[in-house]
Amino acid sequence: MTTARALKAPQWPQRTSDAGIGCYVHLPFCHRICPYCDFSVVVYDERRSVRYLSALLHEIGRMPAPATLQTLYFGGGTPSLLPVSHIDRLAAALRSRPAEEAERSFRDHPGAIEFTMEANPARDASDLSAWLQARVNRLSIGVQSFDDRELHALGRDHTAEQALKFYEAARAVGFDNISLDLIAGSPGQTIESFKRSVTTAVACGADHVSVYGLAIEDNTPYAAWHGRDPRAFPDDDAVAAALEIADDILTDAGFIHYELSNFARPGFECAHNIGYWRQRDCIAYGLSASGYRAGLRYRNLRSFDAYCNAVEREQEPREEEERLGFAARVGEAAMLALRLREGIEYADFRRRFAIDPERAFARAVKKCLAADLLEVDGESVRLSKRGRLLANSVCAEFLAPDLSS
Amino acid sequence: MTAHVRNFCIIAHIDHGKTTLSDRLLEVTNTMARRDMEDQVLDSMDLERERGITIKAHPVTLEYAADDGRTYELNLIDTPGHVDFSYEVSRSLSACEGALLVIDASQGIEAQTLANYYLASEAKLAIIPVINKIDLPSADPDGVIRDVEDTLLIEADHCIKASAKEGIGIREILEAIVKRVPAPTGSADHLRALVFDSHYDAYRGVICYIRVFDGSLRARMRIQSMAGDRIFEVLEVGTFRPDMRPNDGLSIGDVGYVIANVKSLSEIAVGDTLTDVDSSAHMPLPGYRKVTPMVYCGLYANEGSEYGDLREALEKLKLNDASLSYEPESSIALGFGFRCGFLGLLHMEIVQERLEREYGLSLIATSPSVVYHVNTTDGEQISIDNPARLPSPQTIASVEEPYVRCSIISPAEYIGAIMDLCQSHRGAMISMDYISPLRVIFTYEIPLAEVIIDFFDQLKSRTKGYASMDYEVIGFRPGELVKLEILLNGEPVDALSFIIHREKAAHWGRMLAERLSEVIPRQMFDVPIQAAIGNKVVARETVKAMRKNVLAKCYGGDISRKRKLLEKQKEGKKRMKQVGNVELPQEAFMAVLKLSHE
Numbered sequence: 002m003t004t005a006r007a008l009k010a011p012q013w014p015q016r017t018s019d020a021g022i023g024c025y026v027h028l029p030f031c032h033r034i035c036p037y038c039d040f041s042v043v044v045y046d047e048r049r050s051v052r053y054l055s056a057l058l059h060e061i062g063r064m065p066a067p068a069t070l071q072t073l074y075f076g077g078g079t080p081s082l083l084p085v086s087h088i089d090r091l092a093a094a095l096r097s098r099p100a101e102e103a104e105r106s107f108r109d110h111p112g113a114i115e116f117t118m119e120a121n122p123a124r125d126a127s128d129l130s131a132w133l134q135a136r137v138n139r140l141s142i143g144v145q146s147f148d149d150r151e152l153h154a155l156g157r158d159h160t161a162e163q164a165l166k167f168y169e170a171a172r173a174v175g176f177d178n179i180s181l182d183l184i185a186g187s188p189g190q191t192i193e194s195f196k197r198s199v200t201t202a203v204a205c206g207a208d209h210v211s212v213y214g215l216a217i218e219d220n221t222p223y224a225a226w227h228g229r230d231p232r233a234f235p236d237d238d239a240v241a242a243a244l245e246i247a248d249d250i251l252t253d254a255g256f257i258h259y260e261l262s263n264f265a266r267p268g269f270e271c272a273h274n275i276g277y278w279r280q281r282d283c284i285a286y287g288l289s290a291s292g293y294r295a296g297l298r299y300r301n302l303r304s305f306d307a308y309c310n311a312v313e314r315e316q317e318p319r320e321e322e323e324r325l326g327f328a329a330r331v332g333e334a335a336m337l338a339l340r341l342r343e344g345i346e347y348a349d350f351r352r353r354f355a356i357d358p359e360r361a362f363a364r365a366v367k368k369c370l371a372a373d374l375l376e377v378d379g380e381s382v383r384l385s386k387r388g389r390l391l392a393n394s395v396c397a398e399f400l401a402p403d404l405s406s
Numbered sequence: 059m060t061a062h063v064r065n066f067c068i069i070a071h072i073d074h075g076k077t078t079l080s081d082r083l084l085e086v087t088n089t090m091a092r093r094d095m096e097d098q099v100l101d102s103m104d105l106e107r108e109r110g111i112t113i114k115a116h117p118v119t120l121e122y123a124a125d126d127g128r129t130y131e132l133n134l135i136d137t138p139g140h141v142d143f144s145y146e147v148s149r150s151l152s153a154c155e156g157a158l159l160v161i162d163a164s165q166g167i168e169a170q171t172l173a174n175y176y177l178a179s180e181a182k183l184a185i186i187p188v189i190n191k192i193d194l195p196s197a198d199p200d201g202v203i204r205d206v207e208d209t210l211l212i213e214a215d216h217c218i219k220a221s222a223k224e225g226i227g228i229r230e231i232l233e234a235i236v237k238r239v240p241a242p243t244g245s246a247d248h249l250r251a252l253v254f255d256s257h258y259d260a261y262r263g264v265i266c267y268i269r270v271f272d273g274s275l276r277a278r279m280r281i282q283s284m285a286g287d288r289i290f291e292v293l294e295v296g297t298f299r300p301d302m303r304p305n306d307g308l309s310i311g312d313v314g315y316v317i318a319n320v321k322s323l324s325e326i327a328v329g330d331t332l333t334d335v336d337s338s339a340h341m342p343l344p345g346y347r348k349v350t351p352m353v354y355c356g357l358y359a360n361e362g363s364e365y366g367d368l369r370e371a372l373e374k375l376k377l378n379d380a381s382l383s384y385e386p387e388s389s390i391a392l393g394f395g396f397r398c399g400f401l402g403l404l405h406m407e408i409v410q411e412r413l414e415r416e417y418g419l420s421l422i423a424t425s426p427s428v429v430y431h432v433n434t435t436d437g438e439q440i441s442i443d444n445p446a447r448l449p450s451p452q453t454i455a456s457v458e459e460p461y462v463r464c465s466i467i468s469p470a471e472y473i474g475a476i477m478d479l480c481q482s483h484r485g486a487m488i489s490m491d492y493i494s495p496l497r498v499i500f501t502y503e504i505p506l507a508e509v510i511i512d513f514f515d516q517l518k519s520r521t522k523g524y525a526s527m528d529y530e531v532i533g534f535r536p537g538e539l540v541k542l543e544i545l546l547n548g549e550p551v552d553a554l555s556f557i558i559h560r561e562k563a564a565h566w567g568r569m570l571a572e573r574l575s576e577v578i579p580r581q582m583f584d585v586p587i588q589a590a591i592g593n594k595v596v597a598r599e600t601v602k603a604m605r606k607n608v609l610a611k612c613y614g615g616d617i618s619r620k621r622k623l624l625e626k627q628k629e630g631k632k633r634m635k636q637v638g639n640v641e642l643p644q645e646a647f648m649a650v651l652k653l654s655h656e
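Sequence lines, in order, name chains L and C.
In this text, residue positions in the first sequence follow the numbering used here: the first is 2, and each later residue adds one.
In this text, residue positions in the second sequence follow the numbering used here: the first is 59, and each later residue adds one.
Take a look at the structure:
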């Protein structure tokens with residue numbers, strides 16, 4: 002079965018390039034707000050959703066996706082919550098010329114780009130085929146866990162069984178590229194319960210698994226809980242152990258650990274996200290959406306009303322912008338590249354930045370090698386197994402490259 | 059000629075109202091209009107104001123129209139109010155003929171009241187007790203006056219009841235200064251002027267605060283510092299009203315300032331005597347002594363590159379602080395820095411704080427130490443101000459440490475608590491007397507090393523803040539002292555070692571190792587912590603290696619935020635000191651200070 006699907010692997014990463022651009026659309030609606038979440042989300046209601054759709058269409062109209070569009074990602078929030086008609090209209094707006102032209106240029110898979118949508122398994126499965134109609138070809142399902150106790154602690158509005166059913170339904174209507182999200186370190190999680198979630202994800206035949214260590218974000222109910230009772234949460238050592246177990250199980254099952262938090266069967270890597278890690282341009286629409294174009298990182302307004310008001314008044318809905326200097330760009334590129342299995346490929350950095358990466362990062366490499374955090378050969382620097390769990394310490398060293406000549 | 063001049067100072071236990079009284083005297087004599095006065099005019103340094111203490115003495119001349127119809131020039135010399143600064147107090151006192159001894163009408167006589175009283179008596183000053191804060195409901199001025207009679211042997215009718223805050227008794231105080239403080243006397247020839255303080259001005263160089271005893275001092279005169287043996291030309295002289303105001307000259311009895319193209323304080327030390335080059339005095343004024351710091355610590359810039367900045371900042375501080383000493387030292391653990399000598403713990407804290415605040419330095423300070431006299435087996439005696447330099451045990455015949463005589467005044471109910479505290483700090487009781495039925499004065503002899511590590515805080519907390527203390531160094535005595543070393547990753551860290559009494563060493567070693575294991579953050583590898591006396595390990599702890607430190611997600615919206623987060627983390631790590639391959643926070647170096655709290 003694995004082989005059969007591998008043959009059908011979409012190979013999106015191979016069909017995208019640094020010259021292309023990704024597109025992210027933020028759809029902030031949720032039925033309820035998870036207590037650990039610090040994204041810009043709002044509780045769904047129809048009036049808001051209509052207002053938001055028209056704001057989005059407006060923003061897209063003002064600044065259309067360019068012809069080099071190569072990936073599309075609807076994230077949230079819960080994009081799957083929106084009426085199918087909204088999804089349709091957004092997809093159509095983004096694929097209207099010149100984007101449509103762009104798609105034609107991907108010759109070996111004509112008429113398509115990688116188009117991911119995040120979906121909540123609490124949703125009934127009736128919209129699935131409509132999404133497929135809208136040419137969504139990759140589904141990322143926010144399962145988080147296959148343990149009902151953990152799901153309850155995470156404040157999720159679905160059970161493990163519902164998640165499995167939703168997954169099977171997606172398969173049934175024809176989705177052939179499905180990713181599942183899992184959280185390591187949720188309150189009450191044990192090594193055993195976490196292991197069960199990972200093996201379940203493997204057993205059900207997911208193409209892609211993201212494993213996220215729970216982050217306690219400021220100003221969330223979880224932050225307050227953690228402040229009151231840190232022992233309710235698995236400690237760093239336990240989470241480290243869990244992440245190592247996930248690595249073992251998934252790698253044994255034939256997944257490639259292609260990015261710190263992401264595993265894929267060969268050919269099912271997410272091209273859109275690889276775009277972030279390769280510091281590719283990405284155009285972003287919607288509330289709090291972040292984009293990167295020509296060395297400029299920007300983020301849209303985070304407040305729902307502020308965003309809608311700005312767009313309705315024909316104003317740029319930006320909250321912040323940061324133009325990266327050359328050194329910052331190189332440092333950031335290294336921070337991102339280190340997340341990838343390939344690491345910092347010297348030839349790639351030479352080509353992208355016309356620098357000597359071995360020299361630029363000599364100090365950082367030396368320091369991290371001494372702590373057994375890196376693997377180095379003449380062509381690249383990659384995180385070691387240990388380095389993958391201590392990536393912050395490594396990345397921090399690479400942020401300030403030595404570019405003196 | 060000097061009959062209209064009076065030189066006086068105000069001395070008091072901390073918080074008894076010295077500064078408020080100074081302010082009121084300025085106001086009543088119209089030296090400064092009330093609206094121009096900030097609170098506490100004389101304490102101009104921010105830090106002083108924040109801590110409510112006076113570090114430096116600022117003189118000011120008041121013009122007072124007395125009841126006898128004549129106008130007097132009253133030179134007020136403010137004095138520091140903390141035990142650490144007793145030398146500064148003594149210099150100020152020697153510039154005066156009289157002193158107001160301010161005593162809080164509810165608190166009564168405290169340890170520093172006594173200490174200051176003795177200093178003023180030794181300087182043969184006319185002492186005017188001022189019973190302050192009589193407006194407070196809890197005031198018991200008559201009770202305090204009785205204690206003054208009994209303890210200080212001053213007659214009750216010499217005491218003035220006052221409230222500086224309410225302006226009560228101020229006129230009476232001014233009259234007492236005129237009538238009871240003798241006018242200065244001196245000979246008209248052979249200038250002798252005491253430098254009792256100084257101040258460094260970036261544009262004008264050192265501004266010396268002086269009191270003229272003999273002769274006179276004018277602009278363009280050539281003067282000589284008698285102890286420093288240097289010659290200067292006087293550019294400007296003047297008085298403080300309260301700002302510096304130049305005049306034609308200063309003569310016998312006058313208090314003012316002199317600017318003489320002095321580039322650094324080392325050229326004219328505080329306490330030195332200035333004389334006329336062309337007609338020089340035979341003998342300097344008494345009172346000058348080289349300041350000997352009693353407490354030392356190592357100060358290191360957090361980043362090696364700041365070493366030069368630290369040196370420059372110390373140089374500048376030294377300009378305004380004669381009692382600060384520093385010399386370069388290097389530590390295996392911390393690199394290049396300075397061994398700095400202070401008068402006491404407060405002085406040390408103030409200097410550290412000023413270096414960080416005013417000079418923007420990020421510092422590592424090692425835990426404080428006293429000076430030890432080591433008698434070697436060769437019959438030599440060497441002074442050790444840094445525990446790391448203690449010679450190996452085989453070459454030591456004996457070690458002597460400084461002792462202080464410590465006076466503690468406290469309500470009688472805390473007798474037990476105080477005796478416990480002193481005993482646990484190796485103190486020997488010399489005497490215990492009742493000042494009044496409810497108040498006791500203890501005299502203890504205690505090793506200074508025991509006093510500088512949080513003794514004062516402990517005293518305050520065990521007596522709910524009611525006890526006061528003062529101490530003076532009485533000399534060196536032999537003790538059973540050993541060096542306790544701390545090893546990280548098997549390597550001794552010189553900056554963490556300290557000298558301690560043999561009986562306490564093992565216990566402290568265990569406490570310190572445990573404490574360090576709490577303050578040292580997890581690193582990339584296990585960090586074993588050992589405490590050792592000689593070759594014998596007395597305690598061991600381990601900081602386990604960090605296992606996980608990874609950002610879970612890093613997609614479009616996370617990138618900027620995460621980059622900044624990592625940059626900030628990196629910045630935070632810069633504040634740590636790399637010792638071998640272990641990163642140590644500042645707390646590690648001060649860990650020993652916190653031990654006896656536990």
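Glycine residues also receive a C-beta, built at the ideal position from the N, C-alpha and C atoms.
Since the model is a prediction, treat every value here as computed from it, not as a measurement.
Through-space distance from L120 of chain C to T87 of chain C, alpha-carbon basis: 6 Å
For Q452 of chain C and chain L, any beta-carbon pair shorter than 9 Å? no
For chain L, is any of its Cβ atoms less than 9 Å away from the one on V585 of chain C? no
Leaving out five residues before and five after V640 of chain C in sequence, what residues of the same chain have Cβ atoms less than 8 Å from its Cβ? L546, N547, I578, Q581, V585
Could you give the residue range of the alpha helix (DSSP H) that holds G228 of chain L? 222-229
Keeping to the same chain, check which residues put their C-beta closer than 7 Å to that of R387 of chain L; ignore five residues upstream and five downstream. D373, L374
Taking Cβ to Cβ, would you say A220 of chain C is nearer than 9 Å to I203 of chain C? no
Can you name the residues of chain L whose CB is closer than 8 Å to the CB of Q627 of chain C? N393, A397
What residue range is occupied by the uninterrupted beta strand (DSSP E) comprising E321 of chain L? 319-324
Which residues does DSSP list as the beta-bridge partners of E530 of chain C? C:R463
What does G537 of chain C pair with, by DSSP beta-bridge criteria? C:V457
Any beta-carbon of chain C closer than 9 Å to the one on V240 of chain L? yes
Would you check if the distance between the CB atom of P300 of chain C and the CB atom of T77 of chain C is smaller than 9 Å? no
I want to verify the contact list: residues of chain L whose CB lies under 8 Å from the CB of K606 of chain C, in sequence order. G214, D237, D238, V240, A241, L244, L390, L391
Under a CB-based cut-off of 9 Å, is G326 of chain L close to chain C? no
Just verifying my parser: in three-state terms, what is the DSSP assignment at R605 of chain C? coil
Quick one: which residues of the region 288-310 of chain L get their C-beta closer than 8 Å to a C-beta of chain C? List them in chain order. S289, A290, S291, G292, Y293, R298, R300
Within 9 Å, strictly: CB atoms of L252 of chain C and G345 of chain C: yes
Grab me the residues of R93 of chain C's own chain with a C-beta within less than 6 Å of its C-beta, minus the 5 sequence neighbours each way, in chain order. Reliability fails at R93 of chain C, whose pLDDT of 48 lies under 50, so the model's placement of it is uncertain and the value that follows must be treated cautiously. Cβ neighbours of R93 of chain C beyond the five flanking positions: none.
With 16 other CB atoms within 10 Å as the buried threshold, where does Q145 of chain L fall? buried
Determine, using beta carbons only, whether Y267 of chain C comes closer than 9 Å to chain L. no
Which bits of chain C does C283 of chain L rub up against, with CB to CB less than 7 Å? G614
What is the residue span of the beta strand (DSSP E) that M490 of chain C lies within? 486-494
Just the C-alpha distance for V99 of chain C and F298 of chain C, rounded to the nearest angstrom, thanks. Residue placement at V99 of chain C is poorly supported in this model, since its pLDDT is 46, which falls under 50; the coordinates still yield a value, given next. So the two alpha carbons sit approximately 13 Å from each other.
Nonlocal neighbours in the same chain, by C-beta distance under 6 Å from D264 of chain L, ignoring five residues either side: Note on identity: in this sequence residue 264 of chain L is Phe, with Asp being the wrong assignment. V210, L251, F256, H258.
Any idea what DSSP makes of S194 of chain L, helix, strand or coil? helix
Do you know how far the Cα of R484 of chain C is from the Cα of I111 of chain C? With a pLDDT of only 45 at I111 of chain C, under 50, the local geometry of the prediction cannot be trusted, and the value read off the model is given with reservation. Cα to Cα, I111 of chain C sits roughly 30 Å from R484 of chain C.
Beta carbon proximity, R108 of chain L to chain C, threshold 9 Å: Low per-residue confidence applies at R108 of chain L: pLDDT is 41, beneath 50, and the placement is therefore not dependable enough to give any value.
When the distance is taken between beta carbons, is S198 of chain L closer than 9 Å to E151 of chain L? yes
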